[in-house]
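**Q** Quick note: the sequence shown uses numbering that gives the first Met the number 0, first residue 0, plus one each step.
Here a beta-carbon is modelled for each residue, glycine too, at the ideal position from N, C-alpha and C.
Have a look at this one.
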Amino acid sequence: MAISLRAVGSPVYGIANLTPVIPTAQLTGDMMLCLYGTKPYGDAPTIDQGWTSLGSATDGTVAAGVDVGSMQTRVFYKIATSDTETNPTITNSTNNVSTAVIIVFQKGAGETWVTPLGAGGGDATAGTDFVVTVSSDVGHTTGDMVVAAASFRSNAATPTTFTGVAIDGCVLGSYTKSPATDPETTSGGDMGMTCGYATVNSGTSTAAPVMTATLGASHTGSAYLVRLRV
């Protein structure tokens, strides 16, 4: 059985600590990813309930404000040890604004998860063309799932068109936005976010992935991509 989507939680927003929602369909053994975007770029958020920070990326060092500021995109993960996991709390001591959503993937019976790998990058040039080549090729091959998250410095920047992810050497299936409606908020300095996933149908990567989108307004942002494998 290939990796597949189990469920997606409802996005949460705030200018203080966040408690993202684990979807009730989640089961023991599922891979749970918490996709998180925040200003300011340099904060070091922590998470409880046994979750692990996989990594983060930013598009620069611009101070946070309304419609300005470099964005940090971060991913946390946990393999569910119970059918009724407790929602985690993300603590962010200097939060200007943040958004988080939990997306859950399932594997086949008898399969085990390989530890997720990830890499990210940023697009610091304001424009409607959003292009991020992530920092490294973590090695993608047939059967992997690629999960993407991108954060933008304004709610006006959420994509009008999302091209998705391209990986040289790999043929990917259709990119599915998840949540289907991009999270955005006017809290604090405001921000937007987009997330999604695609299966590697065939091939082996020969270069770092590229994430592209057409934004609704001229802004900057960062992205982080996760490789899931069983």
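In whole angstroms, give me the CA-to-CA distance for residue 204 and residue 161.
**A** Along the sequence shown, one-based indexing puts residue 204 at 205. Along the sequence shown, one-based indexing puts residue 161 at 162. For residue 204 and residue 161, the distance between alpha carbons rounds to 21 angstroms.
**Q** Helix, strand or coil for residue 154? Go by DSSP, reduced to three states.
**A** Here residue 154 refers to the residue found at position 155 when the sequence shown is read from its first residue. Looking at residue 154 - three-state DSSP - the assignment turns out to be helix.
**Q** How about residue 240 and residue 193: are their beta carbons less than 7 angstroms apart?
**A** Look at the range of the chain in this structure, 0 to 229, and you will see that residue 240 is not part of it.
**Q** According to DSSP, residue 40 sits in a beta bridge with which residue or residues?
**A** Taking the first residue of the sequence shown as 1, we reach residue 40 at position 41. Bridge partners of residue 40: none, in fact.
**Q** For residue 101, list the residues DSSP reports as bridge partners.
**A** Locating residue 101 in the sequence shown gives position 102, counting from the first residue. Bridge partners of residue 101: 33.
**Q** My output table needs one value for residue 87: the three-state DSSP class, helix, strand or coil.
**A** By one-based count along the sequence shown, residue 87 stands at place 88. Coil.
**Q** State the CB to CB distance for the pair residue 98 and residue 39, rounded to an integer number of angstroms; the pair is presumed to be in contact (CB under 8 angstroms).
**A** Along the sequence shown, one-based indexing puts residue 98 at 99. Along the sequence shown, one-based indexing puts residue 39 at 40. Not confirmed; about 14 angstroms, so no contact.
**Q** Identify the residues that DSSP records as bridge partners of residue 139: which are they?
**A** Position 140 of the sequence shown, counted from the first residue, corresponds to residue 139. Note: residue 139 sits in no beta bridge, so no partner.
**Q** Which whole-angstrom value describes the C-beta separation of residue 88 and residue 18, a residue pair presumed to lie in contact below a C-beta threshold of 8 angstroms?
**A** Taking the sequence shown and counting its residues from 1, the one referred to as residue 88 is at position 89. Taking the sequence shown and counting its residues from 1, the one referred to as residue 18 is at position 19. About 5 angstroms separates the two Cβ atoms, so the contact holds.
**Q** Helix, strand or coil: how does DSSP classify residue 77 here?
**A** Your numbering for residue 77 matches position 78 in the sequence shown. Strand at residue 77.
**Q** Output needed for residue 35: all residues of its chain with C-beta closer than 6 angstroms, excluding positions within five of it in sequence on either side, in chain order.
**A** Position 36 of the sequence shown, counting from 1, holds the residue named residue 35. 73, 99.
**Q** For the structure I just gave you, are there three or more beta carbon pairs, one from the stretch 168-177 and one from the stretch 198-213, closer than 8 angstroms?
**A** Flag = yes, the stretch 168-177 and the stretch 198-213 touch.
**Q** Out of 4, 71, 65, which has the shortest C-alpha to C-alpha gap to residue 122?
**A** One-based indexing of the sequence shown puts residue 122 at position 123. It is 71.
**Q** Within 10 angstroms of the Cβ of residue 231, are there 16 or more other Cβ atoms? Answer buried if so, exposed if not.
**A** Lying before the first or after the last residue shown, residue 231 is absent from the chain, which here runs from 0 to 229.
**Q** Would you say residue 27 and residue 81 are within 7 angstroms of each other, going by their C-beta atoms?
**A** As a first step, residue 27 is located in the sequence shown; it is residue number 28 there, counting from the start. As a first step, residue 81 is located in the sequence shown; it is residue number 82 there, counting from the start. Going by C-beta atoms, residue 27 is nearer than 7 angstroms to residue 81.
**Q** Using only CA atoms, which one of 66, 144, 157 lies nearest to residue 175?
**A** The residue given as residue 175 occupies position 176 in the sequence shown. Among 66, 144, 157, the Cα nearest to that of residue 175 belongs to 144.
**Q** Beta-carbon separation of residue 214 and residue 158 under 7 angstroms?
**A** Walking along the sequence shown from the start, residue 214 turns up at place 215. Walking along the sequence shown from the start, residue 158 turns up at place 159. Yes, these two residues count as a Cβ contact at 7 angstroms.
**Q** Could you check the C-alpha separation between residue 13 and residue 96 for me, to the nearest Å?
**A** One-based indexing of the sequence shown puts residue 13 at position 14. One-based indexing of the sequence shown puts residue 96 at position 97. Roughly 6 angstroms between the two C-alpha positions.
**Q** Cβ atoms of residue 120 and residue 56: under 7 angstroms apart, would you say?
**A** By one-based count along the sequence shown, residue 56 stands at place 57. By one-based count along the sequence shown, residue 120 stands at place 121. It is a contact, given that the beta carbons lie within the stated cut-off.
**Q** Please state whether DSSP places residue 3 in a helix, a strand or coil.
**A** For the purposes of this step, residue 3 is taken as the residue at position 4 of the sequence shown. Strand at residue 3.
**Q** Go ahead and pull the three-state DSSP assignment for residue 127.
**A** Counting from 1 along the sequence shown, the entry for residue 127 is found at position 128. DSSP places residue 127 in strand when its eight states are reduced to three.
**Q** Could you check what DSSP says for residue 115 in three-state terms: helix, strand or coil?
**A** Position 116 of the sequence shown, counting from 1, holds the residue named residue 115. The answer is strand: DSSP assigns residue 115 an E or B state.
**Q** Along the chain, where does the beta strand (DSSP E) containing residue 225 start, and where does it finish?
**A** Translated into positions along the sequence shown, residue 225 becomes position 226. From DSSP, the beta strand (DSSP E) with residue 225 extends over 209-228.
**Q** Just confirm the distance between the C-beta atoms of residue 22 and residue 146, as a whole number of angstroms; I'd bet it's less than 8 angstroms.
**A** Along the sequence shown, read from residue 1 onward, the residue named residue 22 stands at position 23. Along the sequence shown, read from residue 1 onward, the residue named residue 146 stands at position 147. About 15 angstroms separates the two Cβ atoms, so there is no contact after all.
**Q** Alpha carbon to alpha carbon, what distance is there between residue 134 and residue 76?
**A** As a first step, residue 76 is located in the sequence shown; it is residue number 77 there, counting from the start. As a first step, residue 134 is located in the sequence shown; it is residue number 135 there, counting from the start. Approximately 20 angstroms between the Cα atoms of the pair.
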